[in-house]
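Residue numbers (our numbering): 6 to 405.
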């Protein structure tokens with residue numbers, strides 16, 4: 006009975022606080038996961054969960070312009086009037102096709118190469134625009150296992166109660182963090198952890214903080230255990246070939262080019278996938294990269310996928326990263342692992358400079374009782390709604 010009541014009140018809490026919320030689907034009715042949802046020309050935003058559900062933390066009734074952005078779909082901007090909160094706004098996104106047009110590609114005149122060269126030439130200016138800031142940061146991490154055997158090399162495997170089911174599958178880690186971050190390029194970062202939650206551990210502190218989330222593709226190298234060569238590195242053409250996939254225009258009439266990133270050699274520390282570049286400013290609009298485990302010198306890792314989305318603010322003409330998602334697949338001893346981290350960056354305040362005392366020896370500060378926040382706090386602060394599976398995991402493990 007205790008579990009049932011806890012689950013009931015947790016579901017009630019999810020619909021009781023002020024917000025614009027709903028579900029995002031495609032034209033064929035399928036949920037669209039990880040859509041970036043923002044109030045236009047602000048840094049108030051969120052990301053839809055893997056089931057297409059979103060909750061945008063807007064507390065005051067009124068008129069808003071809500072923008073929905075996802076790779077492969079047309080950006081949708083809706084002007085709404087919310088007379089009261091919560092306000093439900095379900096959205097259907099239309100497929101978007103990148104048009105290649107009448108372009109003749111040759112080895113000497115590849116339009117993708119010209120765009121990448123412009124992006125490299127302008128990367129210092131674009132990176133410096135977001136080089137100093139304060140922001141709110143949210144992170145959710147989840148690890149799952151599948152096919153855990155009864156024994157490995159003759160040794161009996163015993164999982165904690167409630168961790169895995171009879172098939173050897175289940176969530177082994179679920180955690181969330183809310184923090185305030187202060188950042189200055191290249192690597193000055195200060196984080197104040199306000200809230201931390203781990204499923205099944207009331208006294209635990211999450212390790213999915215902001216400290217290892219700065220994947221900046223304007224730099225020559227991006228660190229994933231080892232230095233991976235960025236597709237916008239000064240010497241990128243030594244490691245990559247680039248192929249033009251087509252262009253679209255966003256709601257601000259910015260031309261966005263989709264470029265396929267192809268490694269020249271298989272065994273080097275390189276990415277593959279797609280990078281999206283804004284014409285004229287040559288800023289990054291989005292990335293969607295796969296990383297093979299052997300390229301990271303991580304043999305148990307099969308693949309890691311990293312997605313970043315950036316939103317444009319016409320008030321300051323800055324493209325700022327609003328969401329970052331990476332998921333991975335791994336395996337060892339016949340056990341399959343999957344994991345996903347969702348990062349949301351909101352309420353940016355950009356600075357021209359910081360006081361010299363801003364950054365010191367203290368990198369991470371954990372507020373007192375940050376791991377004691379109740380479900381009401383989390384439902385008001387959590388920008389990405391929990392899936393039904395995650396709700397059940399919290400209830401099941403927290404009651405053991």
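All C-beta atoms in this analysis are idealised placements derived from N, C-alpha and C, irrespective of residue type, glycine included.
Let's see if you can read the secondary structure: which residues bound the beta strand (DSSP E) around residue 141?
137 to 151
Is the CB-CB distance between residue 281 and residue 263 below 8 Å?
yes
When 104, 273, 312 and 305 are compared against residue 347, the one with the closest alpha-carbon:
312
Using 8 Å as the threshold, is the C-beta distance between residue 386 and residue 200 below it?
yes
Output the boundary residues of the beta strand (DSSP E) element that contains residue 328.
323 to 337
Would you decide whether residue 13 is buried or exposed? Buried here means 16 or more other CB atoms lie within 10 Å of its CB.
Confidence at residue 13 is low in this model, with a pLDDT of 36, below 50, so the placement of that residue should be treated as unreliable; the coordinate-derived value is given next. It counts as exposed.
Let me check one thing: in DSSP terms, what residues is residue 268 bridge-paired to?
245
At least 3 beta-carbon pairs within less than 8 Å: the stretch 94 to 104 vs the stretch 22 to 36:
yes
Nearest candidate by alpha-carbon position, reference residue 321, set 37, 34, 50 and 45:
45
Validate contact between the stretch 282 to 296 and the stretch 253 to 261 using beta carbons, cut 8 Å, 3 pairs
yes
How would you call residue 254, buried or exposed, if buried means at least 16 neighbouring beta carbons within 10 angstroms?
exposed
Check residue 34 in the structure and name its three-state DSSP category.
coil
Cβ of residue 211 within 8 Å of Cβ of residue 196?
no
Is residue 191 a contact residue of the ligand COA, with contact defined as CB to any heavy atom under 7 Å?
Of the ligands one can find in the structure shown there are none, so the ligand COA has no counterpart to examine.
Considering only DSSP beta bridges, list what residue 104 is partnered with.
252
Report buried or exposed for residue 66, applying the criterion of at least 16 other Cβ atoms within 10 angstroms of its Cβ.
exposed
Roughly how many angstroms lie between the CA atoms of residue 384 and residue 334, to the nearest whole one?
29 Å
Leaving aside the five residues before and after residue 251 along the sequence, list all residues of the same chain whose C-beta is less than 6 Å from its C-beta, in chain order.
103, 104, 105 and 263
Specify the secondary structure class of residue 384 as computed by DSSP and reduced to three states.
helix
For residue 128 and residue 24, what's the separation of their Cα atoms in angstroms?
36 Å
DSSP state of residue 63 mapped onto helix, strand, coil:
coil
If residue 351 sits next to residue 48, beta carbons under 8 Å apart, how far is it from one beta carbon to the other, in whole angstroms?
6 Å
Between residue 306 and residue 240, what straight-line distance do the alpha-carbon atoms span, to the nearest angstrom?
27 Å
Report the partner residues of residue 196 according to the DSSP bridge assignment.
186 and 369
Exposed or buried, which one is residue 108 when buried takes at least 16 other CB atoms within 10 Å?
Note that residue 108 scores a pLDDT of 48, beneath 50, so its modelled location is shaky; the value from the coordinates is reported in the next line. Classification for residue 108: exposed.
Have a look at 194, 42 and 363 and flag the residue whose alpha-carbon is nearest the alpha-carbon of residue 82.
42
DSSP three-state call for residue 396: helix, strand or coil?
helix
With a threshold of 16 other CB atoms inside 10 Å of the CB of residue 323, please say whether the residue is buried or exposed.
buried
How is residue 85 classed by DSSP in three states: helix, strand or coil?
strand
For residue 148 and residue 309, the rounded distance between their alpha carbons:
13 Å
Among 69, 50 and 126, which has the Cα closest to the Cα of residue 389?
50
Considering only residues of the same chain and omitting the five flanking positions on each side of residue 415, which have a CB-CB separation below 6 Å?
There is simply no residue 415 to check, as the chain begins at 6 and stops at 405 in what is shown.
Between the stretch 352 to 364 and the stretch 133 to 147, are three or more C-beta pairs nearer than 8 Å?
yes
I need the boundaries of the alpha helix (DSSP H) containing residue 131, first residue and last residue.
128 to 134
On a Cα-Cα basis, can you pick out the residue from 56, 270 and 40 that is closest to residue 395?
56
With respect to the beta strand (DSSP E) encompassing residue 295, which residues constitute its N-terminal and C-terminal limits?
289 to 297
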